[in-house]
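Engineer: Take a look at this one; I'll ask things after.
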Amino acid sequence: MKRSAWIFVSLAALPALAGCGRSANPPPPVRSGLIAAGGLVEPDGEERVIIPQLSGRLAKVLISEGETVQAGQLIAEIENSEYRAALAAAAAELARREAELTRLRNGARAEEIAAATAARDEALALERQAVAERDRRENLLRNKLIAAETAQQARAQADAAGARRKRADADLALLRAGTRAEDIAAATAAVDGARAERDRAQALVEKSLIHSPIAGNVLKRDLSEGETVVALSPLPLARIGNLTRRFVRADIDELDIGRIREGQSAVVVSDAFPQQEFRGKVVHVSQRMGRRNALSGDPAEKQDAKILEALIELDGQPPLPIGLRVDVRIAATP
44 MKRSAWIFVS
54 LAALPALAGC
64 GRSANPPPPV
74 RSGLIAAGGL
84 VEPDGEERVI
94 IPQLSGRLAK
104 VLISEGETVQ
114 AGQLIAEIEN
124 SEYRAALAAA
134 AAELARREAE
144 LTRLRNGARA
154 EEIAAATAAR
164 DEALALERQA
174 VAERDRRENL
184 LRNKLIAAET
194 AQQARAQADA
204 AGARRKRADA
214 DLALLRAGTR
224 AEDIAAATAA
234 VDGARAERDR
244 AQALVEKSLI
254 HSPIAGNVLK
264 RDLSEGETVV
274 ALSPLPLARI
284 GNLTRRFVRA
294 DIDELDIGRI
304 REGQSAVVVS
314 DAFPQQEFRG
324 KVVHVSQRMG
334 RRNALSGDPA
344 EKQDAKILEA
354 LIELDGQPPL
364 PIGLRVDVRI
374 AATP
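When the letters of the sequence shown are read in order and numbered with this note's numbering, they come out as residues 44 to 377.
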């Protein structure tokens, strides 16, 4: 009985012993030849969200939904009368400063030197006349022919004439000497400051004029004339995209990233277009993992799952609206 029991236990252990030399990990599952992913439809070059850099009331909105716009086209204008007035004042101040600097650099004109010379000569003649009159009255005073006050008056007039002649001499010397280097440096700095103020005012006016960054179509207009825009607000003025081609940005699960390649064919389907398939090919595969873009709304779906983006160019002009959530099937690389 004991021998039979040992034989039974040994035979029962044979399958377990036979498996000791095998790997503990199960073989990897066999994947299908398709990669399934969710995605979002987007225009060529992605959608551009237009958000003004200034806050204010919209004076003009020159676009409507579906309209075609060109790159650089004016699409809206924020009220800017104050900005334009500040620009005009800054431009006038810059012109004044530049004229002053030019005058200092050029120095006195020949006509100014001639006028100063004539003024000096006139002052010198008047001084000589006043000195002569003073001497005459001094002589009369010594002979007691005039009062002392009369002689004193002549002395004062002579002193005043001498002061005027000295001032005329100084003015002429200043014109002949030319402008000092430090005066030119100060005037140059004033011009630079005025130019910076003009450029700042010009920048504010330009920011009030909103232009389209690309050529494309107005996908949606969120604000109208008379409404107030807030700088860098989450609410944009409009959204613009290039609809000459449509793309799908697909979220490739991290388990499938080793099988995705550029050039693979893809099929896109949507519940909004039943029984229709839209074909395309993978034109770009991202080099960085990221968060999921196309969320299905399923509460069981992992929101923090890492994915790799793949961009699929669709054939022709499919009627898929921008931002539509779609399902993607990509022919995988074995």
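For each residue, glycine too, the CB sits at the ideal point set by N, CA and C.
This structure is a prediction, so every number in the text was calculated from the model and none was measured.
Could you check whether the Cβ of Leu278 sits closer than 6 Å to any heavy atom belonging to the ligand SAH?
Structural biologist: What this structure holds is no ligand at all, so the ligand SAH is not there to describe.
Engineer: May I ask you to report which of helix, strand or coil DSSP gives Val234?
Structural biologist: Three-state DSSP puts Val234 in a helix.
Engineer: Buried or exposed for Cys63, please, with buried defined as at least 16 other CB atoms from any protein chain shown within 10 angstroms of its CB.
Structural biologist: Confidence at Cys63 is low in this model, with a pLDDT of 39, below 50, so its placement is unreliable and the value that follows should be read with caution. Counting Cβ neighbours within 10 Å, Cys63 comes out exposed, since fewer than 16 surround it.
Engineer: Assuming Val291 is part of the beta strand (DSSP E), what are its boundary residues?
Structural biologist: Start and end: Ala281 to Asp296.
Engineer: Assuming Glu352 and Ile253 make a contact with CB atoms under 8 Å, what is their CB distance in whole Å?
Structural biologist: Actually they do not touch by this definition, with Cβ atoms about 30 Å apart.
Engineer: Report the CB separation of Ile373 from Gln307 in whole angstroms; it is logged as a contact under 8 Å.
Structural biologist: With 8 Å as the limit, Ile373 and Gln307 qualify as a contact, their Cβ atoms being about 5 Å apart.
Engineer: Taking the DSSP output, what are the residues bridged to Ala80?
Structural biologist: Looking at the DSSP assignment, Ala80 forms a beta bridge with Val371.
Engineer: DSSP three-state label for Asn260, please.
Structural biologist: Reduced to three states, the DSSP call for Asn260 is strand.
Engineer: Give me the residue from Leu184, Leu286 and Leu266 with the minimum Cα distance to Pro277.
Structural biologist: For Pro277, the nearest C-alpha among the options comes from Leu266.
Engineer: Going along the chain, which residues of its own chain have a beta-carbon closer than 6 Å to the beta-carbon of Ser98, five neighbours each way excluded?
Structural biologist: Contacts found: Val273 and Ala274.
Engineer: Please determine if the stretch 84-103 and the stretch 119-137 are in contact, where contact requires at least 3 C-beta pairs separated by less than 8 Å.
Structural biologist: As far as the Cβ criterion goes, the stretch 84-103 touches the stretch 119-137, which means the pair count is three or higher.
Engineer: Of all the options Leu298, Phe321 and Ile303, which has the alpha carbon lying nearest to the alpha carbon of Val311?
Structural biologist: Nearest of Leu298, Phe321 and Ile303 to Val311, Cα basis: Phe321.
Engineer: Quick test of the definition: if touching needs 3 or more C-beta pairs under 8 Å, does the stretch 168-176 touch the stretch 200-208?
Structural biologist: The stretch 168-176 vs the stretch 200-208: in contact.
Engineer: Write down the C-beta distance between Asn285 and Glu110 rounded to the nearest angstrom, noting that I regard them as a contact closer than 8 Å.
Structural biologist: With 8 Å as the limit, Asn285 and Glu110 do not qualify as a contact, their Cβ atoms being about 14 Å apart.
Engineer: Rounded to a whole number of angstroms, what is the C-alpha to C-alpha distance between Glu154 and Leu218?
Structural biologist: Going from the Cα of Glu154 to the Cα of Leu218 covers about 11 Å.
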